[in-house]
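Enquirer: Our numbering puts the first residue of the sequence shown at 730, with every later residue one more than the last. Structure below; questions to follow.
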Amino acid sequence: MAIRQVREIGDDILTKQCKDVPRMTLRTKILIGDMLETMYEYHGVGLAAPQVGVLKRIVVIDVGEGPIVLINPEIVETSGEQTGEEGCLSVPGKWGIVTRPDHVKVRALDQEMNPIELEGEGLLARAFCHEIDHLSGELYVDKTEDGLHDVTYDNEEDEGEETEE
730 MAIRQVREIG DDILTKQCKD VPRMTLRTKI LIGDMLETMY EYHGVGLAAP
780 QVGVLKRIVV IDVGEGPIVL INPEIVETSG EQTGEEGCLS VPGKWGIVTR
830 PDHVKVRALD QEMNPIELEG EGLLARAFCH EIDHLSGELY VDKTEDGLHD
880 VTYDNEEDEG EETEE
């Protein structure tokens, strides 16, 4: 596994539609491993394949309950509403307020290409929506309610502990 370069806002690949993954290959398994390693290295909650330069419908997510890998995901049901802060590894040093569904049901394939359905609330629902948006070339910055804000830190040694200003 390897840490991959995260593409940043302004890179055309982040605005493109991704293609379905028809079958599992060694190359796709390596990509998934690299995506997980990259997400953890940069302390992300999720990462989509286009963020590492690959136009495949794959996302990885970990909201603190272990890694979730979704291949060809689609949102099949939503309910409720939540408004909160979002950031993105492809938009470093920024955050914004975004309204998302509070409950989301997702249909996808797992790493063995078996069909799965997952449901999430709160942060997991937000992560499902955010990462699946990437697969359609959409970024959260286009959904912010009051623009982007700078991430600030209490001090330079605490870069993992964000504060709002």
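Each residue gets a CB set at the ideal place from its N, CA and C atoms; glycine is no exception.
Following the continuous alpha helix (DSSP H) through R855, name the residue where it begins and the one where it ends.
Expert: L852 to H863
Enquirer: If you pair each beta-carbon of the stretch 789-808 with each one of the stretch 870-884, do three or more pairs fall below 8 Å?
Expert: no
Enquirer: Whose CA, out of E815, Y882, G849 and C858, lies closest to the CA of V870?
Expert: Comparing Cα positions, the closest option is E815.
Enquirer: Quick one, are the C-beta atoms of L838 and P830 less than 8 Å apart?
Expert: no
Enquirer: Does the Cβ-Cβ distance between V750 and I800 come in under 8 Å?
Expert: Their beta carbons are under 8 Å apart, which means V750 touches I800 by this criterion.
Enquirer: Report buried or exposed for R786, applying the criterion of at least 16 other Cβ atoms within 10 angstroms of its Cβ.
Expert: buried
Enquirer: Pick from E766, T828 and P821: whose alpha carbon is nearest that of S808?
Expert: Minimum Cα distance to S808 is reached at T828.
Enquirer: S865 and Q780 - do their beta-carbons sit closer together than 8 Å?
Expert: no
Enquirer: From this set, V805, I738, T767 and D741, which residue's C-alpha is nearest M730's C-alpha?
Expert: T767
Enquirer: Report buried or exposed for D879, applying the criterion of at least 16 other Cβ atoms within 10 angstroms of its Cβ.
Expert: exposed
Enquirer: Output the boundary residues of the alpha helix (DSSP H) element that contains T767.
Expert: L755 to E770 is the span of the alpha helix (DSSP H), which, as asked, contains T767.
Enquirer: Relative to the alpha-carbon of G773, which residue among L743, T812, P821 and I738 has its alpha-carbon at the smallest distance?
Expert: Nearest option by C-alpha distance: P821.
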